[in-house]
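K.L.:
Here's a structure for you.
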Amino acid sequence: MSVLDSSSTSTANSDKVLFYYNPMSRGRIVHWMLEETGAEYEIKLLAWEKKEHKSPEFLKINPMGKIPAIVHKSVAVTEAAAICTYLADAFPKAGLAPAVDDPARGTYYRWLFFAASCIEPAMMDRKFPRTDPVAASHLGYGSYDDTVNAMEQAVSKGFITGKFSAADVYMSSQIGWCMMNKDLEPRPAFEKYQKLCTERPAFQRFLQKAGSLS
Ligand SMILES: N[C@@H](CCC(=O)N[C@@H](CS)C(=O)NCC(=O)O)C(=O)O
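Taking our numbering, I'd label the letters of the sequence shown as residues 208 to 421.
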């Protein structure tokens, strides 16, 4: 039976999160985030080799055929940054987002959106350089150097809003991935920030659980 046909479902009344995942993917960001929230979740492991992420069933959840995705209270959420933001609000007891009326909410959104819309493409363009270069003024991220300098500024004092939040889950995941792939130089500010984020018990739990799935 396909993992997508599993008998368990997330209904409008259930608080359980269904998590469509493969540990060899950006789904790792969401896996860490789920551990931070303390939410009950069920992993639906999608096998790359069986192309389960392109199956008609999964395309109903994410028409992009990409991982990660979650279903919570019968609603599908895709895009790792959106999922982190959603989960922080859906499970407020975990305290992973500044309150809506807290000015820190601005800083929180700013760097979450920056990480998704600037860091992601800057690092990908670095890894796979464009044959036909585009002027920095046309690129949302400007230049690789400007993006990296802004990232450094965002994390140089520790957690992005001063208190650990979903923005740190996303930012730290990006930094860790990019440093591991040598798309980002290991500046002291990044290394210090990574230590702070990854020594969290939820990160350690995620690592151990992801390892047992690989
Ligand atoms: N913009 C998406 C990107 C998701 C993505 O590209 N996932 C990759 C794995 S890291 C994937 O599913 N690739 C399989 C494919 O596109 O066939 C996000 O941030 O969640």
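Glycine is no exception: its CB is placed at the ideal position from the N, C-alpha and C atoms.
Computed from a predicted model, the values in this text were never measured in an experiment.
#1: Can you say whether Arg337 is buried or exposed, counting buried as having 16 or more other CB atoms within 10 angstroms of its CB?
#2: Determine, using beta-carbon pairs with one atom in the stretch 325–332 and one in the stretch 399–407, whether at least three such pairs fall under 8 angstroms.
#3: Alpha carbon to alpha carbon, how far is Val224 from Leu266? Give it in angstroms, no decimals.
#4: With a threshold of 7 angstroms on Cβ separation, who are the neighbours of Phe413 within its own chain once the five nearest residues in sequence on each side are excluded?
#5: Is the CB-CB distance between Pro275 and Leu420 below 8 angstroms?
#6: Does DSSP put Phe335 in a helix, a strand or coil?
#7: Cβ of Ala297 within 8 angstroms of Cβ of Ala304?
#8: Following the continuous alpha helix (DSSP H) through Tyr293, name the residue where it begins and the one where it ends.
#9: From the DSSP output, read off the bridge partner residues of Ala283.
#10: Just checking Ala254 against ligand 1 - is the residue's beta carbon closer than 7 angstroms to any of the ligand's heavy atoms?
#11: Take the Cβ of Trp255 as the centre, count every other Cβ of all protein chains shown within 10 Å, and call the residue buried at 16 or more, exposed below.
#12: Counting Cβ pairs closer than 8 angstroms, one from the stretch 305–322 and one from the stretch 384–392, do we hit at least three?
#13: Measure the CB-CB distance between Gly365 and Ala301 and report whether it falls below 8 angstroms.
#14: Excluding the five sequence neighbours on either side, which residues of its own chain have a C-beta within less than 7 angstroms of the C-beta of Phe410, listed in chain order?
#15: If you measure from the CB of Glu232, is any heavy atom of ligand 1 nearer than 7 angstroms?
#16: In or out: Gln360 buried (at least 16 other Cβ within 10 Å) or exposed?
#17: Whole angstroms are fine: how far does the CA of Val376 sit from the CA of Asp222?
#18: Quick one, which of Asp339, Met331, Ala329 and Glu247 has its alpha-carbon nearest Lys280's?
P.N.:
In brief:
#1: exposed
#2: no
#3: 18 angstroms
#4: His238, Trp239 and Glu242
#5: no
#6: coil
#7: no
#8: Ala287 to Ala297
#9: Val278
#10: no
#11: exposed
#12: no
#13: no
#14: Trp239 and Cys404
#15: The question names Glu, yet the displayed sequence has Ser at residue 232. Indeed, a heavy atom of ligand 1 lies less than 7 angstroms from the Cβ.
#16: exposed
#17: 22 angstroms
#18: Glu247
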